[in-house]
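Visitor: 1 is the number of the first residue of the sequence shown in the numbering used here; add one for each residue after it. Glycine included, C-beta positions come from ideal geometry on N, C-alpha and C. If you're wondering where the values come from, they're calculated on a predicted model, not measured in any experiment.
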Amino acid sequence: MNIAILGGRFDPPHIWHYWTAAQILECVKYIDQVWLMPDYSNAFKPIIASAIDRLDMLHFLEAGRIRVSTIALARENVTYTVELVSGLVRDQYNKYFWVVGSDVTAEFSRWRDYQKLSKIINFLVFPRKDYPIKNLPSGFEKIEGNLILSNISSTLIRDRIKSSLSIKGLVFPEVEEIIRTRNLYK
Numbered sequence: 001m002n003i004a005i006l007g008g009r010f011d012p013p014h015i016w017h018y019w020t021a022a023q024i025l026e027c028v029k030y031i032d033q034v035w036l037m038p039d040y041s042n043a044f045k046p047i048i049a050s051a052i053d054r055l056d057m058l059h060f061l062e063a064g065r066i067r068v069s070t071i072a073l074a075r076e077n078v079t080y081t082v083e084l085v086s087g088l089v090r091d092q093y094n095k096y097f098w099v100v101g102s103d104v105t106a107e108f109s110r111w112r113d114y115q116k117l118s119k120i121i122n123f124l125v126f127p128r129k130d131y132p133i134k135n136l137p138s139g140f141e142k143i144e145g146n147l148i149l150s151n152i153s154s155t156l157i158r159d160r161i162k163s164s165l166s167i168k169g170l171v172f173p174e175v176e177e178i179i180r181t182r183n184l185y186k
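(1) Below 8 Å between beta carbons: does that hold for aspartate 11 and isoleucine 71?
(2) With distances taken Cα to Cα, identify the nearest neighbour of tyrosine 185 among His14, Asp159, Gly139.
(3) Pick out the complete alpha helix (DSSP H) segments inside the stretch 54–107, 4 residues or longer, and give them in chain order.
(4) Once you ignore the five residues that flank threonine 79 on each side, which residues in its own chain have a CB closer than 8 Å to its CB?
(5) Buried or exposed, going by whether 16 or more other CB atoms sit within 10 Å of the CB of methionine 57?
(6) Spell out a yes or no on whether the stretch 131–149 and the stretch 100–119 are touching, meaning 3 or more CB-CB pairs, one atom from each, closer than 8 Å.
(7) Output needed for tryptophan 98: all residues of its chain with C-beta closer than 6 Å, excluding positions within five of it in sequence on either side, in chain order.
(8) Would the stretch 140–158 count as touching the stretch 21–38 if we require 3 or more Cβ pairs under 8 Å?
(9) What residue does the beta strand (DSSP E) around isoleucine 3 start on, and which one ends it?
(10) Taking all protein chains shown into account, do 16 or more other C-beta atoms lie within 10 angstroms of the C-beta of proline 13, making it buried, or fewer, making it exposed?
(11) Measuring CB to CB, does glycine 101 end up less than 8 Å from arginine 128?
(12) To which residues of the same chain is arginine 249 closer than 6 Å at the C-beta, ignoring the five residues directly before and after it?
(13) Measuring straight from C-alpha to C-alpha, what distance separates aspartate 91 and serine 109?
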């Protein structure tokens, strides 16, 4: 099976995470599943909500061939993609692809062991609004198709919550309910 992994903080998971996964399945015909893989801790940016809160919210994005993976959470330390991928590529039954947004390609050299990483796994690059794809490194493939692009981000959602603005339509209703009842991102 060919599995695309969309990793990240998911702090909070939002509608655009879902649509990115759905469009990967629509446009990259050889991908069988997309796994949403939340970090336990991120090397570059702090995570606000607990792993449990993020996982509880993330499960509402699961549908059909979009699944949640707890591989990174189970490690209970800073998530380094190279360490996760080194374990995944030993799987004889599945082939994995790592998904990044076009905004990430410019900072890829900051990733731990990025030269090794680009040799052991192929990357799928999803275009992001305001981040045109110019030149891609070897092992990186641009996701092509009639894609819907957005500037929705977890940062935008957290900022709206802090400003007491609506997040309706930016997250699934169940995610919004968890955010409200657990008083997250205030």
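Guide: Well, looking at it:
(1) no
(2) Asp159
(3) 71–75, 81–88
(4) Gly7, Asp39, Tyr40, Ser41, Asn42, Ala43, Ala72
(5) buried
(6) yes
(7) Ile5, Ile121, Phe123
(8) yes
(9) 2–8
(10) buried
(11) yes
(12) Lying before the first or after the last residue shown, residue 249 is absent from the chain, which here runs from 1 to 186.
(13) 26 Å
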